[in-house]
Amino acid sequence: GAGVSQSPSNKVTEKGKDVELRCDPISGHTALYWYRQSLGQGLEFLIYFQGNSAPDKSGLPSDRFSAERTGGSVSTLTIQRTQQEDSAVYLCASSLESANTGELFFGEGSRLTVL
Amino acid sequence: SQQGEEDPQALSIQEGENATMNCSYKTSINNLQWYRQNSGRGLVHLILIRSNEREKHSGRLRVTLDTSKKSSSLLITASRAADTASYFCATDGYDYKLSFGAGTTVTVRA
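Each protein sequence line maps, in turn, to chains C and U. Its first residue numbered 1, the first sequence is counted upward by one per residue in my numbering. Its first residue numbered 1001, the second sequence is counted upward by one per residue in my numbering.
This is the structure:
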């Protein structure tokens, strides 16, 4: 597609349920990033992919969070046993190489609400 | 952790006026970028300035970088209602990720 696509755009779930968020980056972009943004806050780095590998997962808040990327394209962020503090907008971004060399292109985000 | 810190947190100006916001950071950087966010959703890249550059222009935007003070400023000239948004600086500390500040919320009054 022309831009970074994220789905779902909104997700309301009950505490304890698992959720899966999807990101489809711009075609040809090798770098993919996940960030989290709580209400009125800045962006919190979660994980970075270069191709299919994730050199640094240290930004993931807990072991309930995991992410994968297959075929160097689509990525999914999975949150298991969701908690209320997981409520936030989850933003995906892709880049042609890495943030060292140029801009990130962001999707519109997935707004997660945990009741 | 957040590397960049924007100042002020919020700014309200009249249409036609200039808006200036500042960003300070802690460690050495490779480049610094500014992004705009409308309605709390996706961010849009505005401008990138590299560590060996001091000033850059793009349309009504002017960005300065002072690496000795570890600070940058974004100036929006002749503001319009459409400039109402949150503005974030992001720094790349010679690694693969951008670290974002908490942002400056700009409101342009008609």
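A virtual CB, placed ideally from N, CA and C, is assigned to each residue, including glycine.
Q) When the Cα atoms are used, what is the spatial distance from U:L1075 to U:T1105? A) Approximately 14 Å, taken between the alpha carbons.
(Q) Rounded to the nearest angstrom, what separates U:S1102 and C:G72 at their Cα positions? (A) First, the amino acid is wrong: residue 1102 of chain U is Ala here, not Ser. Note on geometry: alpha-carbon atoms of U:A1102 and C:G72 lie some 30 Å from one another.
(Q) Short of 7 Å Cβ to Cβ, which residues in the region 1032 to 1054 of chain U face chain D? (A) Judged by its chain identifiers, the structure shown contains no chain D, and its protein chains are C and U.
Q: Return the Cβ separation of C:S87 and C:K11 in integer angstroms, given the expectation that the two are a contact with Cβ distance under 8 Å.
A: With a beta-carbon spacing of about 10 Å, C:S87 and C:K11 fall beyond the 8 Å limit used to define contacts.
Q: With DSSP collapsed to three states, give me the class of C:E44.
A: In the structure shown, the three-state DSSP call for C:E44 is strand.
Q) What separation, rounded to the nearest whole angstrom, lies between the Cα atoms of C:E16 and C:T78? A) The amino acid at residue 16 of chain C is misidentified as Glu; the sequence shows Gly. Approximately 13 Å, taken between the alpha carbons.
Q.
Run through chain U and tell me which residues come within less than 8 Å of C:P8, C-beta to C-beta.
A. Within chain U, no residue comes near C:P8; the closest Cβ sits about 13 Å away, beyond 8 Å.
Q: Inspect the beta-carbon positions of U:L1065 and U:R1054 and report whether they are closer than 8 Å.
A: In this structure, the beta-carbon distance from U:L1065 to U:R1054 falls below 8 Å.
(Q) In whole angstroms, give me the CA-to-CA distance for U:D1083 and C:L60. (A) A straight-line Cα-Cα distance of about 33 Å links U:D1083 and C:L60.
Q: Answer with yes or no whether the minimum CB distance from C:L115 to chain U is below 8 Å.
A: Chain U, which has no Cβ nearer than 8 Å to the Cβ of C:L115, makes this no.
Q) Do you know offhand how far U:V1108's Cα is from U:E1006's? A) So the two alpha carbons sit approximately 18 Å from each other.
Q. When you compare only the Cα positions, how much space is there between U:S1073 and U:M1021?
A. One C-alpha to the other measures close to 6 Å.
Q: Using three-state DSSP, classify U:E1053 as helix, strand or coil.
A: DSSP places U:E1053 in coil when its eight states are reduced to three.
Q) C:F106 touches chain U at which residues, Cβ-Cβ below 7 Å? A) Neighbours of C:F106 in chain U, taken as residues at a C-beta separation under 7 Å, are given in chain order as G1042 and L1043.
Q: Identify, in the order they occur along the chain, each residue of the same chain with its Cβ nearer than 7 Å to the Cβ of C:E20, setting aside the five sequence neighbours on each side.
A: Non-local C-beta neighbours of C:E20 in its own chain, meaning closer than 7 Å and more than five positions away in sequence, comprise T76 and T78, ordered along the chain.
Q | Closer than 8 Å to chain C by CB, U:A1010 | A | So, not an interface residue.
(Q) Buried or exposed for C:D63, going by 16 or more other Cβ atoms inside 10 Å? (A) Answer is exposed; the Cβ neighbour count stays below 16.
(Q) Between C:F105 and C:I47, how many whole angstroms is the CB-CB distance? I'm expecting something under 8 Å. (A) About 17 Å separates the beta carbons of C:F105 and C:I47, which is beyond the 8 Å limit, so they are not a contact pair.
Q.
Using the three-state DSSP reduction, which class does U:Q1037 fall into: helix, strand or coil?
A. Strand, per DSSP.
Q: Give the straight-line distance between the Cα atoms of U:R1041 and C:A2, rounded to the nearest whole angstrom.
A: Computed Cα separation, rounded: 18 Å.
Q) From C:G102 to C:T82, what does the alpha carbon distance come to, in whole angstroms? A) Cα-Cα distance, rounded: 34 Å.
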